[in-house]
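**Student:**
In the numbering used here, the protein residues as written are 1 to 73.
Pasting the structure below:
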């Protein structure tokens, strides 16, 4: 199980373990259909592919970690 999301975690792994994170990914322009097409793609790879700024990537990671930490409680 993912304890903390980093830029090196594959998107597909995050979604499969924590489906509620999909809405945050979509908010940042990462669409769920692309997760199946490239299951190896990490947050970092997706950020580069979608021309996401480093700030947005870090905000995305923070929001994803917030979601999974709330789920653990």
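All residues carry an ideal CB built from backbone N, CA and C; glycine is no exception.
Do residue 14 and residue 23 have their C-beta atoms closer together than 7 Å?
**Tutor:** Along the chain shown, one-based indexing puts residue 14 at 14. Along the chain shown, one-based indexing puts residue 23 at 23. No. Outside cutoff.
**Student:** Between the alpha carbons of residue 17 and residue 41, how many angstroms are there, rounded?
**Tutor:** Here residue 17 refers to the residue found at position 17 of the chain shown. Here residue 41 refers to the residue found at position 41 of the chain shown. Whole-angstrom Cα-Cα distance: 16 Å.
**Student:** I need the DSSP call for residue 42, collapsed to helix, strand or coil.
**Tutor:** On the chain shown, position 42 is the one that residue 42 refers to. Shown here, residue 42 sits in a strand according to DSSP, grouped into three states.
**Student:** From the DSSP secondary-structure annotation, give me the bridge partner or partners of residue 10.
**Tutor:** Taking the first residue of the chain shown as position 1, residue 10 is located at position 10. Looking at the DSSP assignment, residue 10 forms a beta bridge with 42.
**Student:** Put residue 57 into one of helix, strand or coil per three-state DSSP.
**Tutor:** The residue you call residue 57 lines up with position 57 of the chain shown. Residue 57: helix per DSSP, three-state reduction.
**Student:** Taking its Cβ as the centre, do 16 or more other Cβ atoms sit within 10 Å of residue 54, making it buried, or is it exposed?
**Tutor:** In the chain shown, counting from the first residue as 1, residue 54 sits at position 54. Residue 54 comes out exposed.
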